[in-house]
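Read top to bottom, the protein sequences are chains W and A.
When we follow this note's numbering, the leftmost residue of the first sequence carries the number 4, and every step to the right adds one.
When we follow this note's numbering, the leftmost residue of the second sequence carries the number 12, and every step to the right adds one.
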Amino acid sequence: MSSIRVRSRREGEYIEVKVLIEHPMENGRNRDAAGNLIPAHFIEQLALTLNSQPLLTVNMAGSVSKNPFFSFRLKQAADGDVLRVDWRDNLGSSDSAEHRIRVNR
Amino acid sequence: MRSSRRNFLKSACIWATGGLYLAKVSDSAAERLAENFAAGDFADRYARLFGEQAVTDSTLIELVLPEIAEDGAVVPVTIRSELDGIDRLYLLADKNPTPLVAEFELAPLVALQLTARIKLAESCRVTLVARRDGQLLRCSRWVNVMRGGCGSG
């Protein structure tokens, strides 16, 4: 089960893309019910490419909310263009997903 | 015979390392510097990020945030601009233990209507700095946070 969900749809002259990632985004300053510090665990980099070309890279730390959500717009895209999403976190975990843009849906 | 083979290997080696070097340089635009995301003081981080560069307040970039955020753990933010050529964005919260919230590297294909959800530790000023043609543009918004929560931001 992928941690990444991607949606795209036409929004006027643009293609709107939404990316949702399941991740705790712990900044290392929260405590659990027993009062122990929860270790920092956050995505460091989210990298998006369109047909293998860099599109959007987000560098971050624990100040991005749990289950990060990003949306943005593409000036143009063609049916079948491949949007690839990659993330890696501070503990060395990573995940990726590919989404095919459907311009006419 | 032997020496020409050695020369070949030598030049192949130089080419290979040269290629690696180029790949590294072209990647570096989006490289994440851990230091930028270290905990610390906002003014200090801001100075380290932008140094002596001029930063101009601009109404051509727009930062949309709620005036009152009920829950500091999830604050929606929208960044908008009609300007072409913005290739990098820095989003900072001046009271967060980690003042730099996120850094975005954009390809020209991305239209600037970008949303995210961020944490704010307490009521603070959120600042957006956009880089365009090497120039820095700035816009900021004050947000009242009702419940910052331990450790948010």
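Built from N, CA and C at the ideal position, the CB exists for glycine as well.
This structure is a prediction, so every number in the text was calculated from the model and none was measured.
Taking a cut of 8 Å between CB atoms, which residues from the segment 140-159 of chain A lie near chain W?
none
Asp-68 of chain A to Ala-36 of chain W span [Cα, whole Å]
The count along the second sequence starts at 1 and reaches residue 68 of chain A at position 57. The count along the first sequence starts at 1 and reaches residue 36 of chain W at position 33. Asp-68 of chain A and Ala-36 of chain W: Cα-Cα distance of roughly 44 Å.
Rounded separation between Cys-135 of chain A and Lys-78 of chain W - CA only
Your numbering for residue 135 of chain A matches position 124 in the second sequence. Your numbering for residue 78 of chain W matches position 75 in the first sequence. Taking the straight line joining both Cα atoms gives about 33 Å.
Look up Asn-47 of chain A in the DSSP assignment and give the residues it is bridged to.
Numbered from its first residue, the second sequence carries residue 47 of chain A at position 36. Per DSSP, none; premise fails for Asn-47 of chain A.
If you reduce the DSSP assignment to three classes, tell me which class Ala-127 of chain A lands in.
Residue mapping note: residue 127 of chain A aligns to position 116 of the second sequence, counting from 1. Three-state DSSP puts Ala-127 of chain A in a strand.
Relative to the C-alpha of Pro-27 of chain W, which candidate in W:His-44, W:Leu-94, W:Ser-74, W:Arg-76 has its C-alpha closest?
Your numbering for residue 27 of chain W matches position 24 in the first sequence. The candidate whose alpha carbon is nearest that of Pro-27 of chain W is W:His-44.
Would you list the one or two residues that DSSP bridges to Phe-115 of chain A?
Your numbering for residue 115 of chain A matches position 104 in the second sequence. According to DSSP, which records beta bridges pairwise, Phe-115 of chain A is partnered with W:Val-61, A:Leu-100.
Among the residues of its own chain, which have a CB less than 7 Å from the CB of Leu-94 of chain W, if the five just before and after it don't count?
Taking the first residue of the first sequence as position 1, residue 94 of chain W is located at position 91. Only His-44 meet the Cβ criterion.
7 Å is my cut-off, CB to CB: does Glu-120 of chain A come that close to chain W?
Numbered from its first residue, the second sequence carries residue 120 of chain A at position 109. The sequence shown places Leu at residue 120 of chain A, rather than the Glu named in the question. Chain W contact via Cβ: present.
DSSP-derived helix/strand/coil call for Arg-105 of chain W
Along the first sequence, read from residue 1 onward, the residue named residue 105 of chain W stands at position 102. Correct three-state label for Arg-105 of chain W: coil.
Chain-ordered chain W contacts of Gln-124 of chain A [CB-CB under 9 Å]
Walking along the second sequence from the start, residue 124 of chain A turns up at place 113. Simply Glu-14, Tyr-17, Glu-19, Ser-74, Phe-75, Arg-76.
Thinking just about the alpha-carbon of each residue, which of W:Met-63, W:Ser-5, W:Pro-42, W:Val-67 is nearest to the one in Ala-132 of chain A?
Position 121 of the second sequence, counted from the start, is the residue given in the question as residue 132 of chain A. Ala-132 of chain A has its Cα closest to that of W:Val-67, out of W:Met-63, W:Ser-5, W:Pro-42, W:Val-67.
Going by C-alpha distance, which of W:Asn-30, W:Ala-100, W:Gln-48 is nearest Lys-130 of chain A?
As a working note, residue 130 of chain A is residue 119 in the second sequence. When each option's Cα is compared against that of Lys-130 of chain A, the closest is W:Asn-30.
Have a look at A:Ala-58, A:Trp-153, A:Ala-41, A:Arg-43 and flag the residue whose alpha-carbon is nearest the alpha-carbon of Lys-106 of chain A.
If you number the second sequence from 1, residue 106 of chain A lands on position 95. Measuring from the Cα of Lys-106 of chain A, the nearest candidate turns out to be A:Trp-153.
Check distances from the C-beta atoms of the segment 56-68 of chain W to those of chain A and list, in chain order, the residues that come in under 9 Å.
Gln-56, Pro-57, Leu-58, Leu-59, Thr-60, Val-61, Asn-62, Met-63, Ala-64, Gly-65, Ser-66, Val-67, Ser-68
Write down the C-beta distance between Val-66 of chain A and Val-140 of chain A rounded to the nearest angstrom, noting that I regard them as a contact closer than 8 Å.
Translated into the one-based positions of the second sequence, residue 66 of chain A becomes position 55. Translated into the one-based positions of the second sequence, residue 140 of chain A becomes position 129. Going by Cβ atoms, the distance from Val-66 of chain A to Val-140 of chain A rounds to 6 Å, so yes, they are a contact pair.
Between the CA atoms of Asn-54 of chain W and Val-85 of chain W - distance to the nearest angstrom:
Translated into positions along the first sequence, residue 85 of chain W becomes position 82. Translated into positions along the first sequence, residue 54 of chain W becomes position 51. Answer to the nearest angstrom: the Cα atoms are 5 Å apart.
Within a Cβ cutoff of 8 Å, which residues of the same chain sit near Val-36 of chain A, ignoring the five residues on either side of it in sequence?
Within the second sequence, the letter at position 25 stands for residue 36 of chain A. For Val-36 of chain A, the predicted model reports a pLDDT of 39, less than 50, meaning its position is unreliable and no value from the coordinates is stated.
CA-CA distance, Val-86 of chain A and Asn-107 of chain W?
Taking the first residue of the second sequence as position 1, residue 86 of chain A is located at position 75. Taking the first residue of the first sequence as position 1, residue 107 of chain W is located at position 104. Using only the alpha carbons, I get a separation of about 32 Å.
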